[in-house]
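Since the structure comes first, as structure tokens, the remarks are kept for the end.
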Amino acid sequence: MYLADDEKAMLDGAGGVAKQKAMELLVRYARALGAERFVDTQNIAGVPGSSTLFLQKYFEEHSGDGGFEAVFSLYDLDAAEVMAVPEVGGNCCHLQGGMDLEHWADLGMSQEAMLHQRADEAELARHGVRIMKTCTPYLAGNLPVQGEHCAWMESSAVVYCNSVIGARTNTEGRESTSAAMLTGKIPDWGFHRDEYRHATHLIEVDTHVESVMDWGMLGYFAGYAVEENVPVLTGAIRQADPLRHKHFGAAAASSGGVEMYHIVGVTPEAANLEMVLAGRKPLVTIQYGAAERRRVYEMLNANGRDPNVDYVMLGCPHASIEQFRQVARLLNGKTIKTHLWMFTSRAVKTVADMNGFTKMIEDAGGLVMTDTCSAIARAVPKGTKVVALDSAKQTHYLPAMVDVGAWFGTTEDCIHAALTGRWTGELP
Amino acid sequence: MIILVGRGIVGGCAEGEALVTRQTISGWGGIDPMTGTIIETRHELRGQSFKDKVLVFPGAKGSSGWSNAFHMTRLTKSAPLALVFNQMTTKIALGAVVTRVPAVTELNEDPLDIIETGDWVKVDGDRGVVEITKKRT
Numbered sequence: 001m002y003l004a005d006d007e008k009a010m011l012d013g014a015g016g017v018a019k020q021k022a023m024e025l026l027v028r029y030a031r032a033l034g035a036e037r038f039v040d041t042q043n044i045a046g047v048p049g050s051s052t053l054f055l056q057k058y059f060e061e062h063s064g065d066g067g068f069e070a071v072f073s074l075y076d077l078d079a080a081e082v083m084a085v086p087e088v089g090g091n092c093c094h095l096q097g098g099m100d101l102e103h104w105a106d107l108g109m110s111q112e113a114m115l116h117q118r119a120d121e122a123e124l125a126r127h128g129v130r131i132m133k134t135c136t137p138y139l140a141g142n143l144p145v146q147g148e149h150c151a152w153m154e155s156s157a158v159v160y161c162n163s164v165i166g167a168r169t170n171t172e173g174r175e176s177t178s179a180a181m182l183t184g185k186i187p188d189w190g191f192h193r194d195e196y197r198h199a200t201h202l203i204e205v206d207t208h209v210e211s212v213m214d215w216g217m218l219g220y221f222a223g224y225a226v227e228e229n230v231p232v233l234t235g236a237i238r239q240a241d242p243l244r245h246k247h248f249g250a251a252a253a254s255s256g257g258v259e260m261y262h263i264v265g266v267t268p269e270a271a272n273l274e275m276v277l278a279g280r281k282p283l284v285t286i287q288y289g290a291a292e293r294r295r296v297y298e299m300l301n302a303n304g305r306d307p308n309v310d311y312v313m314l315g316c317p318h319a320s321i322e323q324f325r326q327v328a329r330l331l332n333g334k335t336i337k338t339h340l341w342m343f344t345s346r347a348v349k350t351v352a353d354m355n356g357f358t359k360m361i362e363d364a365g366g367l368v369m370t371d372t373c374s375a376i377a378r379a380v381p382k383g384t385k386v387v388a389l390d391s392a393k394q395t396h397y398l399p400a401m402v403d404v405g406a407w408f409g410t411t412e413d414c415i416h417a418a419l420t421g422r423w424t425g426e427l428p
Numbered sequence: 429m430i431i432l433v434g435r436g437i438v439g440g441c442a443e444g445e446a447l448v449t450r451q452t453i454s455g456w457g458g459i460d461p462m463t464g465t466i467i468e469t470r471h472e473l474r475g476q477s478f479k480d481k482v483l484v485f486p487g488a489k490g491s492s493g494w495s496n497a498f499h500m501t502r503l504t505k506s507a508p509l510a511l512v513f514n515q516m517t518t519k520i521a522l523g524a525v526v527t528r529v530p531a532v533t534e535l536n537e538d539p540l541d542i543i544e545t546g547d548w549v550k551v552d553g554d555r556g557v558v559e560i561t562k563k564r565t
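Taken in sequence, the protein lines are chains A and B. Residue 118 in our numbering sits at position 118 of the first sequence; the count goes up by one each step and never skips. So the mapping is simple: our numbering equals the position in the second sequence, first residue as 1, plus 428.
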């Protein structure tokens, strides 16, 4: 592969041993991909150096050091030695983590794990990484521009970055983002390149898609239908906004591997169908009508049997401020019968606090938490058997991860379940 | 013996019994990295472990935690012996690199049509060669 002078210099050790090891890992990765060169990136979102207690103890036991720089060196950079890690360059942020630092005990976390996370955060700050702690960096202060080359993790953020913003990123992983933070380089492959961004699969929507739930279900269908390919959707897909795109993309990236989608007349690289398909015929044309819509709903409710709900989880992907307003208004002055946890970023929570939304939710008996979610933390309230969700993504993951029954519906269905303890949602 | 030729993306040689699926695999949320077991709700391999098997599959899907989940299986000694797959993605490229097991893709014939669970498979990641000995039926 072609290496630019600055890349060769880093490989030769000119920037120090940590940059050298980071560059070596990126070269192994780029060669595996079959990439021909690197692209410069200054916008990197990952989880550098984070360690669970398992990782910390593993490296303490096997290498005599389980600290931040040890985990960054041995695990993130896959190096053989512990190195001094220099400050990162560019606009680097840390995505979601293990626990809310205030309500960690509710999540079943130990004080040891909480103190460990605090120590990791101090290290992140010392190394120049912005602590954002969310799967929705685009709602919390990292919003790229169209055409910007990024290196992001978090499948729901990646699909949003490519499809809605028109910036360019592949679904990077922990190791590649950590290496990119030190080098400012990522393989020039996939969604960094024009030819990869065209759609190959056409989904013709002939049912009305307007609600957040319907956008989520359509995304879930699209992921199953196209797997890792790029779909273009046509039809009556209404009321596009960040919230609806957030739910569509997260669902499509869970049931399949969708990293980019187009909606004709809606997303920035889809002015018309010919342009999106680069003048070619679609490889596959798929219909989404009333029957498919019902099948998706039934699939998402396949783990729903017992109507007695004991936990409602909201905020997957992390809740936006409009979702806080909606939930706060639905709960205002009432008392819930189940547990209710709502997850968001620290940035949005600050705004929710200022607007009184957090207090309204907590006065009703709910908890607002940041940094994580039930799936990431593998945490549900003690004794939970049945959970109600308004996110197709969380419905996809949570029952497999913590062995609970799950209902999927609208946010209103979920709040109704929280207030009554019973699931009564139906396909509208 | 059947020989397939492709492109090695991680070097080294390994051999063992094949575990084959026509369904893509999720990393984070799709496997238990402590045991190498597939946990995705509707996956045809749900409940089966790829530990010490040659994993033959179409490719990766799902969360960006794919590489991390497979990287973890290396630490817990639950990693597959080798990877044979069709669809190149950043998830699988990075995952294979950090799992550090021989990995081959772009084979001259679809390995999913040829390899069945239980076949004995030798993967040479340096030369990009996969040798298959069919199990006795």
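No residue lacks a Cβ here, since even glycine has one placed at the ideal position from N, Cα and C. Bear in mind the structure is a predicted one, so any value in this text is a computation, not a measurement.
Original post:
What does a CB cutoff of less than 8 angstroms around Leu243/A pick up in its chain, not counting 5 residues either side in sequence?
Top reply: Position 243 of the first sequence, counting from 1, holds the residue named residue 243/A. Same-chain partners within the cutoff: Val212, Ser320, Glu322 and Gln323.
Subject >> Cα-Cα separation, Arg305/A to Asp413/A >> reply: In the first sequence, residue 305/A corresponds to position 305, counting from 1. In the first sequence, residue 413/A corresponds to position 413, counting from 1. Rounded to the nearest angstrom, the two C-alpha atoms are 16 angstroms apart.
**OP:** Check the Cβ-Cβ distances between Leu503/B and every residue of chain A, and say whether any is below 8 angstroms.
**Re:** Numbered from its first residue, the second sequence carries residue 503/B at position 75. Yes - at least one Cβ of chain A is within 8 angstroms of the one on Leu503/B.
**OP:** Could you check what DSSP says for Leu53/A in three-state terms: helix, strand or coil?
**Re:** As a position in the first sequence, residue 53/A is number 53, starting the count at 1. In this structure, Leu53/A counts as helix in the three-state DSSP scheme.
**OP:** Quick one: grab the DSSP three-state call for Cys92/A.
**Re:** For the purposes of this step, residue 92/A is taken as residue 92 along the first sequence, with counting starting at 1. Cys92/A falls in the strand class under three-state DSSP.
Original post:
Assuming Arg174/A and Ser495/B make a contact with CB atoms under 8 angstroms, what is their CB distance in whole Å?
Top reply: Counting from one through the first sequence, the residue named residue 174/A turns up at place 174. Counting from one through the second sequence, the residue named residue 495/B turns up at place 67. About 6 angstroms; that satisfies the 8 angstroms criterion.
Original post:
For Gly265/A, is the classification buried or exposed, using 16 other Cβ atoms within 10 angstroms of its Cβ as the cut-off for buried?
Top reply: On the first sequence, residue 265/A is found 265 positions in, with the first residue counted as 1. Exposed, by the Cβ-count rule.
Original post:
If you run the structure through DSSP and keep just helix, strand and coil, what is Leu273/A?
Top reply: As a working note, residue 273/A is residue 273 in the first sequence. Leu273/A: helix per DSSP, three-state reduction.
**OP:** Just the C-alpha distance for Val39/A and Ala22/A, rounded to the nearest angstrom, thanks.
**Re:** Locating residue 39/A in the first sequence gives position 39, where the first residue counts as 1. Locating residue 22/A in the first sequence gives position 22, where the first residue counts as 1. C-alpha separation (whole angstroms): 15 angstroms.
**OP:** Residues of the segment 152 to 168 of chain A with a CB closer than 7 angstroms to any CB of chain B: list them in chain order, please.
**Re:** Met153, Glu154, Ser155 and Val158
Subject >> According to DSSP, residues forming a beta bridge with Pro187/A >> reply: Working through the first sequence from its first residue, we reach residue 187/A at position 187. In the DSSP output, where bridge partners are listed per residue, Pro187/A has Phe38/A.
Subject >> Within 8 angstroms, strictly: CB atoms of Arg528/B and Val438/B >> reply: Start at 1 with the first residue of the second sequence, and residue 528/B comes out as number 100. Start at 1 with the first residue of the second sequence, and residue 438/B comes out as number 10. Yes.
Original post:
Does DSSP classify Glu204/A as helix, strand or coil?
Top reply: Here residue 204/A refers to the residue found at position 204 when the first sequence is read from its first residue. Three-state result, Glu204/A: strand.
Subject >> In chain order, each beta strand (DSSP E) run of at least 3 residues that lies wholly inside the segment 90 to 154 of chain A >> reply: 91 to 94 and 150 to 152
Subject >> Residues within the segment 124 to 140 of chain A neighbouring chain B, beta-carbon criterion of under 7 angstroms >> reply: none
Subject >> Interfacial residues, the segment 462 to 478 of chain B to chain A, with Cβ spacing under 7 angstroms >> reply: Ile467, Glu468 and Thr469
Original post:
For the segment 333 to 341 of chain A against the segment 111 to 129 of chain A, are there 3 or more C-beta pairs whose distance is under 8 angstroms?
Top reply: no
**OP:** Go through the segment 492 to 549 of chain B residue by residue and report every complete run of the alpha helix (DSSP H) that reaches 4 residues or more, in order.
**Re:** 494 to 503, 518 to 527 and 539 to 542
Subject >> DSSP three-state assignment for His262/A, whether helix, strand or coil >> reply: Translated into positions along the first sequence, residue 262/A becomes position 262. Here His262/A sits in strand by DSSP.
**OP:** Determine contact between the segment 534 to 543 of chain B and the segment 407 to 424 of chain A, defined as no fewer than three beta-carbon pairs at a distance below 8 angstroms.
**Re:** no
**OP:** Give the residues from the segment 491 to 517 of chain B that approach chain A closer than 9 angstroms (Cβ to any Cβ), ordered along the chain.
**Re:** Ser491, Ser492, Gly493, Trp494, Ser495, Asn496, His499, Met500, Leu503, Thr504, Gln515, Met516 and Thr517
Subject >> Extent of the continuous beta strand (DSSP E) to which Gln287/A belongs >> reply: Residue numbering aside, residue 287/A sits at position 287 when the first sequence is read from its first letter. Start and end: Val284 to Tyr288.
Original post:
Can you find a CB in chain A that lies within less than 8 angstroms of the CB of Ala524/B?
Top reply: Position 96 of the second sequence, counted from the start, is the residue given in the question as residue 524/B. Ala524/B counts as touching chain A.
**OP:** Would you list the one or two residues that DSSP bridges to Met342/A?
**Re:** One-based indexing of the first sequence puts residue 342/A at position 342. BP columns for Met342/A point to Leu314/A and Val368/A.
Original post:
How about Lys481/B: is its C-beta nearer than 8 angstroms to some C-beta of chain A?
Top reply: Taking the first residue of the second sequence as position 1, residue 481/B is located at position 53. For Lys481/B, the answer is no, since every Cβ of chain A falls outside 8 angstroms of its Cβ.
Original post:
Counting along the chain, where does the beta strand (DSSP E) carrying Glu443/B start and finish?
Top reply: Locating residue 443/B in the second sequence gives position 15, counting from the first residue. Taken as a continuous stretch (DSSP letters only), the beta strand (DSSP E) holding Glu443/B covers Cys441 to Val448.
Original post:
Per DSSP, Lys489/B is paired with what?
Top reply: Here residue 489/B is taken as the residue at index 61 of the second sequence, counted from 1. According to DSSP, which records beta bridges pairwise, Lys489/B is partnered with Ser454/B.
Original post:
Roughly how many angstroms separate the alpha carbons of Leu367/A and Asp12/A, rounded to a whole number?
Top reply: By one-based count along the first sequence, residue 367/A stands at place 367. By one-based count along the first sequence, residue 12/A stands at place 12. When rounded, the distance between both Cα atoms is 51 angstroms.
Subject >> For Ala442/B, the nearest candidate out of Glu559/B, Ala510/B, Ser477/B and Thr517/B (CA to CA) >> reply: On the second sequence, residue 442/B is found 14 positions in, with the first residue counted as 1. The shortest Cα separation from Ala442/B among Glu559/B, Ala510/B, Ser477/B and Thr517/B belongs to Ala510/B.
Original post:
Quick one: does Thr452/B have its CB under 8 angstroms from some CB of chain A?
Top reply: Mapped onto the second sequence, residue 452/B falls at position 24. With 8 angstroms as the cut-off, Thr452/B counts as an interface residue toward chain A.
Subject >> CB contact flag (Pro486/B, Arg435/B, <8 angstroms) >> reply: By one-based count along the second sequence, residue 486/B stands at place 58. By one-based count along the second sequence, residue 435/B stands at place 7. Going by C-beta atoms, Pro486/B is not nearer than 8 angstroms to Arg435/B.
**OP:** Mind reading off the beta-carbon distance from Tyr200/A to Leu283/A? Whole number of angstroms is fine, and I expect it under 8 angstroms.
**Re:** Sequence index remark: in the first sequence, residue 200/A carries index 200 (1-based). Sequence index remark: in the first sequence, residue 283/A carries index 283 (1-based). The question names Tyr, yet the displayed sequence has Thr at residue 200/A. About 5 angstroms; that satisfies the 8 angstroms criterion.
**OP:** Could you tell me whether the segment 85 to 94 of chain A touches the segment 36 to 50 of chain A, using the rule of 3 or more Cβ pairs below 8 angstroms?
**Re:** yes
Original post:
Using a Cβ-Cβ distance under 8 angstroms, would Ala521/B count as near chain A?
Top reply: The count along the second sequence starts at 1 and reaches residue 521/B at position 93. At least one chain A Cβ lies under 8 angstroms of Ala521/B.
Original post:
Does the beta carbon of Ile459/B sit closer than 8 angstroms to a beta carbon anywhere in chain A?
Top reply: Numbered from 1 along the second sequence, position 31 holds the residue referred to as residue 459/B. Chain A contact via Cβ: absent.
Original post:
With a cut-off of 8 angstroms, does the C-beta of Asn170/A fall near any C-beta of chain B?
Top reply: Taking the first sequence and counting its residues from 1, one reaches residue 170/A at position 170. Yes, because at least one Cβ of chain B sits closer than 8 angstroms to the Cβ of Asn170/A.
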